[in-house]
Structure formats: structure tokens, C-alpha cells
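Just below is one structure, and these are the notes that go with it.
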Amino acid sequence: MARRGDHDDRRRQLGRAVWRVARSQGVSALTVRRVGQEAGWTSGAVQYYFASRNALLEYAFELVQRQTLERLATAAETVGDEEAARRAFHQVLPSSAEVRAEAEVWFSFLGLALGDPALRDVGRNGQRIVIDAIAAAVVRSQGAGVISRDLDPQLVAVEGVALADGLCVNAMYRPVQLKEGEVVDLFDRWLNSLR
1 MARRGDHDDR
11 RRQLGRAVWR
21 VARSQGVSAL
31 TVRRVGQEAG
41 WTSGAVQYYF
51 ASRNALLEYA
61 FELVQRQTLE
71 RLATAAETVG
81 DEEAARRAFH
91 QVLPSSAEVR
101 AEAEVWFSFL
111 GLALGDPALR
121 DVGRNGQRIV
131 IDAIAAAVVR
141 SQGAGVISRD
151 LDPQLVAVEG
161 VALADGLCVN
171 AMYRPVQLKE
181 GEVVDLFDRW
191 LNSLR
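Shown next, in the form of C-alpha cells:
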């Protein structure tokens with residue numbers, strides 16, 4: 001019997017195979033068979049870890065969110081209060097190949113989630129957790145005086161995530177016009193206006 005760590009690693013491998021298929025061929029290509037081919041596995045091996053296509057897709061969607069939350073936690077531990085909000089928001093901006101890939105997967109799955117209540121719940125829950133983590137960073141930056149204490153930290157987080165989402169979409173569809181550094185500069189201009 002496989003050890004738990006091996007089991008989790010294999011599930012992550014399959015989740016990332018889902019991402020690769022979604023990014024290269026679109027969400028309509030997401031079948032157990034195609035994901036298995038991408039991962040170098042048989043369909044039966046994939047079904048050992050995920051009972052259905054929906055279970056596989058839910059896991060892959062959750063994996064995007066989990067990685068974002070891990071980056072947010074690391075950012076929270078490694079910066080002072082003055083930079084807490086900026087660093088947290090930067091974790092959801094397409095400022096690296098890793099985050100751009102996650103954003104492409106996230107937005108691909110949003111379309112699927114419209115017609116799938118389970119995926120919709122995964123997306124809503126993940127978004128809520130990300131916004132709460134960023135709101136906590138906003139509170140820290142408010143304490144340091146870099147964001148106005150008159151602003152509701154939850155609303156600042158919602159507004160900032162909405163702006164980041166819009167910048168992600170523009171960066172994906174207009175990469176020549178909106179480059180990596182420009183995304184961060186545009187976002188920071190908004191953030192600096194909150195003093």
C-alpha cells in the first residue's frame with residue numbers, strides 16, 4: 001500500500017496534469033483519459049486516485065487555491081507590517097510564470113464552475129479564504145500607517161482582488177501591451193492611493 005505522502009504527491013501530479021491540459025488544450029479536453037496521457041498514467045491509475053472526472057477537476061481547482069494560500073502565508077511571515085498588504089496582493093498578480101499559469105487555470109475553471117455547483121463552491125470558498133488572508137495583511141499595513149485606517153480592510157481586499165483579477169485577464173489576453181512589470185506598477189499605483 002502506498003504511503004500517505006506518496007498518495008498526496010501522486011494526486012498533486014495529476015492535478016498539475018489537469019492544469020497542463022487546461023492551458024494547452026482548453027477545459028473541454030479535460031477527460032480522465034487525456035489527463036492520464038498527460039501524466040503518463042493509465043485511466044485506471046487516475047481513477048484509483050479520483051473516482052470521477054468531477055473529483056479530479058475539483059481537486060485541481062483546489063490545488064490552485066492551495067498554492068496561492070501557501071504563497072500568502074509565506075509572504076505574511078517574511079515581511080513587516082508596512083509591506084504586508086503590498087506583498088499579499090502581489091501574490092495574486094501575474095508577476096511570475098507560476099502565478100500566470102495558475103491564473104490561466106483559475107480563469108479556465110471559472111467558466112466550468114458556472115454550470116457545476118460543486119466547482120462553484122470550491123471557487124467561492126477559495127476566493128473567500130484568499131480575501132480573508134489579504135484583509136489580515138491590510139489590517140497589518142493599516143497599523144503601520146501605510147493604508148488609511150478609515151478604510152474597511154475586507155472591502156480593500158475585495159477591491160484589490162477584483163483589480164488583480166482584471167489585470168490578470170488583461171495580461172493573459174494582451175501580453176504585448178501589458179507586460180509583467182506594468183501589471184505590478186498599475187496595481188501599486190492603486191494601492192498607494194489608499195494612504
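Going by full-length UniProt numbering, the residue at position 65 of the sequence shown is 65; the numbering climbs one at a time, nothing skipped. Heads up, the beta-carbon is just placed ideally off N, CA and C, and yes, glycines get one too. It should be emphasised that the depicted structure is a prediction, and the values quoted were computed from it without experimental measurement.
When DSSP states are grouped into helix, strand and coil, Gln177 belongs to the coil group. Between the alpha carbons of Leu72 and Ile134 lies a gap of roughly 8 Å. The region 40-56 makes no contact with the region 127-143, as fewer than three CB pairs between them are under 8 Å. Here the region 141-153 lies against the region 85-93, with 3 or more beta-carbon pairs under 8 Å apart.
Pro153 and Val146 have their C-alpha atoms roughly 13 Å apart. If you check the CB distance, Leu57 and Phe109 come in under 9 Å.
If you look at Asp121, you'll find it in the alpha helix (DSSP H) that goes Pro117 to Gly143. When the beta-carbon positions are compared, Leu167 and Pro94 come within less than 9 Å of each other. In the same chain as Trp106, and ignoring 5 residues on each side of it, the C-beta atoms closer than 6 Å to its own belong to Val64, in chain order.
Per the coordinates, the alpha-carbon of Asp6 lies some 19 Å from the alpha-carbon of Glu62. DSSP places Val27 in no alpha helix (DSSP H); its state is neither H nor E. Going by beta carbons, Asn170 and Val183 fall inside the 9 Å limit. Here Ser43 is near Arg33, since their CB atoms are less than 9 Å apart. Its Cα nearest to that of Val130, the residue Gln91 stands out among Leu194, Ala22, Leu119 and Gln91.
Around the beta-carbon of Glu98, fewer than 16 other beta-carbon atoms lie within 10 Å, marking it exposed.
Under the three-state reduction of DSSP, Gly40 is assigned to coil, being neither helix nor strand. When secondary structure is reduced to three states using DSSP, Ala51 falls in the coil class, being assigned neither helix nor strand. Under the three-state reduction of DSSP output, Arg66 falls in the helix class. Rounded to whole angstroms, the Cβ separation of Val35 and Leu14 is 6 Å, and the two are in contact under 8 Å.
Around the beta carbon of Ala39, a 10 Å sphere encloses 16 or more other beta carbons of the protein chains shown; the residue is thus reported as buried.
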